[in-house]
Structures are given as structure tokens and as C-alpha cells.
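Trainee: In numbering that gives the first Met the number 0, the protein residues as written are 0 to 259. Glycine residues also receive a C-beta, built at the ideal position from the N, C-alpha and C atoms.
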Amino acid sequence: MAANLSIWRMLCVCAAALLASCAPVAERGPVILAPASMQEAMEALADAWEAQGHPRPVLSIAGTPAIARQAAEGAPADLIVTADSEWMDWLEERGHTSPASRRVVAGNSLVFVWSDMHLAVPGRPTVAEVDFAPRHIAMADPDTVPAGRYARRALESAGLWDGISGRIVPTEDVRAALRLVERGEVDLGVVYASDVRAVASLLSAPLPGGESVTVRYPAALAAASTHPDAAGLLDFLSAPEGAVILCAHGFTAPSDETLC
């Protein structure tokens, strides 16, 4: 099942790239490569941008490693958003982004998440009250995916990583981890706070050690972009109007926390 989801996600990325490459630049909106955790937020941002009279952006959503590699392999892109600085650095070092345009557009936090249908705990307990020692825990791959990297650092800071690392079920992105919890295939997951806002059946609690990591989403123009709206769209994402939309989807606004 995980393999099928991975194949389907990559097909969607490729389809978006194909559509973008077929349409004349002047007729289509800028192509945005963005991480899976931002899917709903990006749809809302695209709606708002289009409502201002611009061509609607073409969204290509996947895990950060996937979109970074797509960009590196020459997939059409005007604006790239990653879920951590490491992958943005990787793209910048290879000449795929415009360093002068780079900025942080959003922040997030990490939570443990579980289903009240599949994990028998009373009410809404704290993580300290959940006996997760024997449980399998889904999270984005801690070796390559930003959400997993953040989670490992947090749990290491809390002194918990060594005790649970053998029960980690790694996934291709944070949304895949969330789906495993929703379906009851694992008892617990580690996801972003923004991921659980629209899932009423799931309970969550702050991830131990989460205060020791800073989750940031950098964005930059693609070096090869020629779209006339690309710079304006990036400004929109990082402006208060864009920040309010991101806040409504559970993200934080690092540039002005009063907006959230």
C-alpha cells in the first residue's frame, strides 16, 4: 500500500510538471513545488492569488526530498518551498534557486498523534500518560525527510529516541505517517501540528523535546524561472496576507507571530 501511494504521488508530481511545461508561460500561473504538509494551505493561497486576477499557480506537491530532486532534474518550477533549510541549501548549492530571493514563509511545530478509535486511552491525555513503549510509531523518514529529521532531534533532546527508534515506521512524507495513524495501521504518529487540524478523529499532544527544534519553511525563486508573476507570488506568500492564510491552516508566521 505504501509503495502504491508513493507511485501515485510521483505520478501526480510528474503530471503537474507535464501540464506546466505544455502551457505557454504567459497563459499559466507560476509553478510551485511545495511539501506535502502544505497541500491545503497552498490550495488556499493559490485561490487567493487567482482571486486577485492572476493566472492560478500550478501546484506540484510531494515530500520535500521528492520535489528537491524533481527541481534538480529539470522539472518546470518557478517557486520552490521546502520544509527545512537543509534541502533548500542543497538546491542552492547546485544552482537551482535564486539565493537573493530566499526567505522563510512559515513555521510549524511537532506533535504526537493517535486515534481514539485505535488506542484505548481515556480523554485527551498527555504523552507522559500514554504508554507508547510497546507501540509502533509512524513518522517521516528521519534520515531524509524534514519532519522526520525534526522529530528525531526533538526526541533525542528529550532522551526518548534510543528507546523508541527500533519501533519507528518510516514514511515518504509526513502525510503518509498521518494516514497510517488514521487507518489504525500504527498506534502513534509524529506529524506537524498543522496536519491534524482537519482530522477530527485524531488526538494530539506536543512532542517531547519539540521546543528544542525550530521548524521553518524556506522559499525561493527557481533559478531558471522566467515567469513574470513568480517574484510577486513569492512576495504574496511572505506578506501578511499570505501569512494569515498559512496561520488559518495551522502554520506560524515567523516574521510576525501576532498574525497567528
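1. Using three-state DSSP, classify PHE235 as helix, strand or coil.
2. Whole angstroms are fine: how far does the CA of ALA43 sit from the CA of VAL104?
3. Give me the residue from PRO54, PRO207, SER211 and TYR216 with the minimum Cα distance to SER193.
4. Grouping DSSP H, G and I as helix and E and B as strand, with all else coil, what is PRO54?
5. Using 8 Å for Cβ pairs, my map puts ALA230 next to ILE79. What's the rounded Cβ distance?
6. Please report how far the alpha carbon of HIS53 lies from the alpha carbon of GLY28, in whole angstroms.
7. Are there three or more Cβ pairs, one per stretch, closer than 8 Å when the stretch 169 to 178 is compared with the stretch 86 to 97?
8. Using a 10 Å radius around the Cβ and a threshold of 16 neighbouring Cβ atoms, would you call ASP161 buried or exposed?
9. I need the straight-line Cα distance from HIS248 to ALA40, nearest angstrom please.
10. Which residues does DSSP list as the beta-bridge partners of MET138?
11. For the beta strand (DSSP E) containing PRO205, list its first residue and its last residue.
12. Does DSSP put PHE250 in a helix, a strand or coil?
Mentor: For this structure:
1. The answer is helix: DSSP assigns PHE235 an H, G or I state.
2. Going from the Cα of VAL104 to the Cα of ALA43 covers about 15 Å.
3. Measuring from the Cα of SER193, the nearest candidate turns out to be TYR216.
4. Reduced to three states, the DSSP call for PRO54 is coil.
5. The distance from the Cβ of ALA230 to that of ILE79 is about 13 Å, inconsistent with a contact at the 8 Å cut-off.
6. When rounded, the distance between both Cα atoms is 7 Å.
7. Not touching, per the Cβ criterion.
8. Classification for ASP161: exposed.
9. Distance between the alpha carbons of HIS248 and ALA40: 6 Å.
10. According to DSSP, residue pairing for MET138 in a beta bridge involves PRO169 and VAL189.
11. It spans 201 to 205 - the beta strand (DSSP E) in which PRO205 sits, taken as one unbroken run.
12. PHE250 falls in the coil class under three-state DSSP.
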